[in-house]
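To start, the structure under review is shown below, and the notes come after it.
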Amino acid sequence: MKRKVLFVASEGLPYASTGGLGDVVASLPKALCQNGTDARIVMPLYDTIGQDLRAEFQFLGSINVPLSWRNQYCGVFEAKKEGVTYYFIDNEYYFRRGTLYGCYDDGERYAFFCKAVLEILPLIDFFPDILHAHDWQTALSVVYLKLHYSGIARYNNIKAVFTIHNIEYQGIFSLGILSDVFELAPWERNIVEWNGDINVMKGAIECCDQLTTVSPRYANEIKSPEFAHRLDPILRDKQYKTKGILNGIDRTYYDPANDPDLAVRYTHKSLSGKADNKRILQQALALPEWADIPLIAMITRLTPHKGIDLVKRIIDEFLNDDIQFVLLGTGDAEYEAFFRDLEARRHDKARCIIKFDKKLSKRIYAAADLFLMPSRAEPCGLAQMIASVYGAVPVVREVGGLYDSIKSYNEFTGKGNGFTFANYNAHDMLYTLRRAVGYYHDKKFWNRLVQRVMAIDFSWKASSAQYTQLYNELCSYDNSCPPNSFA
Ligand code: GLC
């Protein structure tokens, strides 16, 4: 019998995505399905999902979802993408906001979503073996499953996996709305209470059968105050059920040999195609068409944990060297202003494109020689893997998933697939960048390094097998409550 897994997520490509979460929520189930698991996804039907995508939707029906004193309409749509079934929860009051996150009532919106996920199971006729929830927006689906549904037949043996993609966002709310918005009774308060507030991520950490994070290193890091954003005591407590599994990337989508967004396609055997992509990007951005000067790229959200402060500190000094610098990303206004100004100041060598543009991002990966990711914290990071596949050699800080995926080049052993530095220090980073640029000028060496980097397997193959094993282990024991006769 096929193992049934329901992914509960606030975003998933190609329908909605603001970052790495959307990639993973789409590509992991796809890999699982290819290996014999019946993995499906449920997410909100945001108004930002375009008509072109909606054209393929099928309406399955509607129910009403009770939550505390509210009783809301919930339509259910279904779509199939590359062999994977997606379900969409429709409620225009909650999800017609022109944006995914950042509304004053996000707590209520996602509480509704989480409750709806459990309520629609009879309608979609899919009772999973595993409910796999991702990040704080879906944390309450785990809490409700274990506190309110585990006494009901067909729900009573569903195992819950909760994955932390980013611990910075925990879903923190005033205790005053415990019952009114979250439908939790006073005697359930201890499950979600943390530092005098409601913290829904903490609730899922308490209730899940298995906690995972997106890299082994991050699973370790979040046990310490430096990384845990105040959740470290409970994460130390729950380490017996915590596991880090490194993300993969979708190699059909990220493939320079077959990428429709590239003007010239290439493989590790035809690197001249990569040089063409560099020239084409330089032309498009009106940068001097230098072939033998390294092009260093960053594609990132402009937020503090991405290490932007390190770049700010040294970029002017670095731009005095023979290099070109291209940045693509959006984020905090202060950083956006800095990089707009940098482009104006250093128009000879730097371009900073302040937007989120998937197509352009792939053209930059294909053009770049080096890819910089100096994160202060990085749960997994996908960009360093995508960069590798496109032959842009990563320069990263040794943290989280960057540590697990990129090993520094060692001139004595000849091993390594990038350049790394340990301390959160701007001049350590600059030193490492210059070390990499030094190697870049040895053409023969560099081509061999690029070829090796491009050949590394960053697909989901190994990691989806680890998830399958984890699901199997969870299902092999029975910790269910007996179904309650009142249900
Ligand atoms: C979050 C993390 C990032 C990770 C992604 C997917 O965006 O910040 O490191 O790669 O989730 O798991």
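The working numbering puts the first residue of the sequence shown at 4, with every later residue one more than the last.
All residues carry an ideal CB built from backbone N, CA and C; glycine is no exception.
{"Asked": "DSSP-derived helix/strand/coil call for Ile123", "Found": "coil"}
{"Asked": "Which of helix, strand or coil DSSP assigns to Val267", "Found": "coil"}
{"Asked": "Test item: CB-CB of Leu331 and Asp351 under 8 Å", "Found": "no"}
{"Asked": "Cut-off 7 Å between Cβ atoms - residues of its own chain near Tyr393, not counting five sequence neighbours on either side", "Found": "Pro259, Tyr368 and Ala369"}
{"Asked": "Neighbour-count burial assignment, Asp212, 16 or more Cβ in a 10 Å radius", "Found": "buried"}
{"Asked": "Which listed residue (Thr303, Lys5 and Ser411) has its alpha carbon closest to that of Gly39", "Found": "Lys5"}
{"Asked": "Residues bridged to Lys319 [DSSP beta-bridge criterion]", "Found": "In the sequence under discussion, the amino acid at residue 319 is Asp, which differs from the Lys named in the question. Per DSSP, none; premise fails for Asp319."}
{"Asked": "Tyr172 to Lys447 span [Cα, whole Å]", "Found": "45 Å"}
{"Asked": "Counted within 10 angstroms of its Cβ, other Cβ atoms place Glu476 as buried (16 or more) or exposed", "Found": "exposed"}
{"Asked": "Close Cβ partners of Leu150 (< 8 Å) along its chain, the five nearest in sequence each way excluded", "Found": "Leu187, Glu191, Ile194 and Cys210"}
{"Asked": "Reduced DSSP category for Gln173 - H, G, I as helix; E, B as strand; rest coil", "Found": "coil"}
{"Asked": "Contact shell at 7 Å, judged by CB to any heavy atom of the ligand GLC, ordered along the chain", "Found": "Gly22, Gly23, Leu24, Asp26, Val27, His168, Asn169, Val217, Asn250, Glu381, Pro382, Cys383, Gly384, Leu385, Gly403 and Gly404"}
{"Asked": "Whether Arg57 touches Leu9 by CB criterion (8 Å)", "Found": "no"}
{"Asked": "Nearest neighbour of Gln327, chosen from Ser364, Met204 and Arg354 [CA to CA]", "Found": "Arg354"}
{"Asked": "Among Gln37, Leu24 and Glu14, nearest to Lys464 - alpha-carbon criterion", "Found": "Gln37"}
{"Asked": "Other residues of its chain near Ile123: CB distance less than 6 Å, five sequence neighbours each side excluded", "Found": "Val79"}
{"Asked": "Boundaries (first-last residue) of the beta strand (DSSP E) holding Asn193", "Found": "That residue, Asn193, is in no beta strand (DSSP E); its alpha helix (DSSP H) goes Arg192 to Val195."}
{"Asked": "contact_flag[the region 337 to 348, the region 411 to 431] where n(CB pairs < 8 Å) is 3 or more", "Found": "no"}
{"Asked": "Classification of Met301 by the beta-carbon crowding that lies within 10 angstroms, buried from 16 upward", "Found": "buried"}
{"Asked": "Residue nearest to Gly251 in terms of C-alpha spacing, selected from Ala34, Tyr480 and Leu16", "Found": "Ala34"}
{"Asked": "Helix, strand or coil at Leu433 [DSSP, three-state]", "Found": "helix"}
{"Asked": "Expected contact under 8 Å - CB spacing of Ala266 and Ala278 to nearest Å", "Found": "No, Ala266 and Ala278 are not in contact; Cβ-Cβ is about 12 Å, not under 8 Å."}
{"Asked": "Nearest candidate by alpha-carbon position, reference Arg438, set Phe424, Asn450 and Arg451", "Found": "Phe424"}
{"Asked": "C-beta atoms of Trp139 and Gly174 nearer than 8 Å", "Found": "yes"}
{"Asked": "Proximity winner among Tyr470, Leu405 and Gly15, relative to Val45 (alpha-carbon distances)", "Found": "Gly15"}
{"Asked": "Bounding residues of the alpha helix (DSSP H) (the contiguous stretch that carries Pro136)", "Found": "Strictly speaking, residue 136 in this sequence is Ala, with Pro absent from that position. Not the alpha helix (DSSP H): Ala136 falls in the beta strand (DSSP E), residues Ile133 to His137."}
{"Asked": "Cβ-Cβ distance between Leu48 and Phe98 below 8 Å", "Found": "yes"}
{"Asked": "Cross-strand partners of Met376 (DSSP beta bridge)", "Found": "Val399"}
{"Asked": "Cβ contact check for the region 391 to 410 and the region 454 to 461: 3 or more pairs under 8 Å", "Found": "yes"}
{"Asked": "Alpha carbon of Asp109 to alpha carbon of Ser13, nearest angstrom", "Found": "11 Å"}
{"Asked": "Cβ-based burial, Asn67 [other Cβ within 10 Å; buried from 16]", "Found": "exposed"}
{"Asked": "Distance, Gln454 Cα to Lys418 Cα", "Found": "13 Å"}
{"Asked": "Cβ pair Asp132, Lys162 closer than 8 Å", "Found": "yes"}
{"Asked": "Host alpha helix (DSSP H) of Gln387 (start-end)", "Found": "Ala386 to Val392"}
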